[in-house]
């Protein structure tokens, strides 16, 4: 068994036995060393975005003092939902190792599969999104584009 | 101009002029009243997950004392990336109003479009994800499933 996945499982177990949320633990590794761990704290923190991967990413960023986790890999007990997959990409994580699948998530009551379908096929979102005040927002974007000395990410 | 979108733009402007991150502000509304606001703080907080929508969701959940924002709507200056779209769905937000499009995001240097493509067509992810230790993680999930008195989300 992979030692980092074992840590991710232990992290998840600690979370569920403490009532923090679902069975999702994550470990972020750089150059063969653990940078940070995290687990699902949706219930504990009243934060629907605090999945295991997101918690670990936030912790790793605090440890390294950056929003850029280039060169880091993540080990996570469940295949990431679209939110967490995209969080890994925004963080520039180089590789994701996961244990259980999106199908396994469904088996224990989570909605990841339907979210993947909706993100992939926007028509399934129906009227969930609507556009408003495009021109006013474009002015905001143009102002941002014109700014100098900004930090890109 | 919609008054909540105007607030979202003001929130975004405050963020960019303070160097917090990109031009993304969000306002969460319930029963016609503002519950919370948020803006992109990726640079400020060294948190690649702290997009405007995520910041607003976290704030609204703290205000309401729940991880469930059923009945809430979000007004946001840019069309949500897959992370934020999925964050809204996990939070049970009922409707998303956005100003600029994913194409506009690309114009000012953001990668949302490529992330949408990769989430929709997993083959584009190549070797980004790899599965490990499935059975050990399934044991964890089975243990969670067997637990009583857990809070579903």
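Protein chains in written order, with this note's numbering: chain S, 1 to 153; chain Z, 154 to 306. Each residue gets a CB set at the ideal place from its N, CA and C atoms; glycine is no exception.
Query: Best match in S:38, S:16, S:12, S:74 for proximity to residue 31 (chain S) [C-alpha to C-alpha]; Result: S:74
Query: Cutoff 8 Å: residue 283 (chain Z) Cβ touching any chain S Cβ; Result: yes
Query: Residue 96 (chain S) versus S:104, S:103, S:87, residue with shortest Cα-Cα distance; Result: S:87
Query: Other residues of its chain near residue 99 (chain S): CB distance less than 7 Å, five sequence neighbours each side excluded; Result: 5, 77, 78
Query: Proximity of residue 69 (chain S) and residue 92 (chain S) at Cβ, strictly below 8 Å; Result: yes
Query: Stretch-stretch touch, CB-based, cutoff 8 Å, three pairs: the segment 251 to 267 of chain Z with the segment 126 to 137 of chain S; Result: yes
Query: Residue burial classification, residue 49 (chain S) (beta-carbon count within 10 angstroms, cutoff 16); Result: buried
Query: Close beta carbons around residue 268 (chain Z), own chain, < 7 Å, minus the five adjacent residues each side; Result: 234, 235
Query: For residue 307 (chain Z), the nearest candidate out of S:11, S:62, S:20 (CA to CA); Result: There is simply no residue 307 (chain Z) to check, as chain Z begins at 154 and stops at 306 in what is shown.
Query: Where the beta strand (DSSP E) containing residue 131 (chain S) begins and where it ends; Result: 129 to 131
Query: For residue 30 (chain S), the residue or residues it bridges with in DSSP; Result: S:33, S:72
Query: Where residue 255 (chain Z) falls: helix, strand or coil (DSSP); Result: helix
Query: Contact residues within the segment 157 to 170 of chain Z, judged by C-beta distance below 8 Å to chain S; Result: 158, 159, 162, 165, 166, 169
Query: Closer than 8 Å to chain S by CB, residue 190 (chain Z); Result: no
Query: Cutoff 7 Å; reference residue 118 (chain S); Cβ partners in own chain excluding five residues on either side; Result: 124, 125
Query: Helix, strand or coil at residue 230 (chain Z) according to DSSP, with G and I counted as helix; Result: strand
Query: Other residues of its chain near residue 195 (chain Z): CB distance less than 6 Å, five sequence neighbours each side excluded; Result: 174, 201, 203
Query: Residue 144 (chain S) (DSSP reduced to helix, strand or coil); Result: helix
Query: Cross-chain neighbours of residue 272 (chain Z) in chain S, by beta carbon under 8 Å; Result: 82, 85, 86, 116, 119, 120
Query: Min CB distance residue 61 (chain S) to chain Z below 8 Å; Result: yes
Query: Short CB-CB distance (under 8 Å) between residue 255 (chain Z) and chain S; Result: no
Query: Any chain Z beta carbon closer than 8 Å to residue 30 (chain S); Result: no
Query: Local conformation of residue 269 (chain Z) per DSSP, three classes; Result: helix
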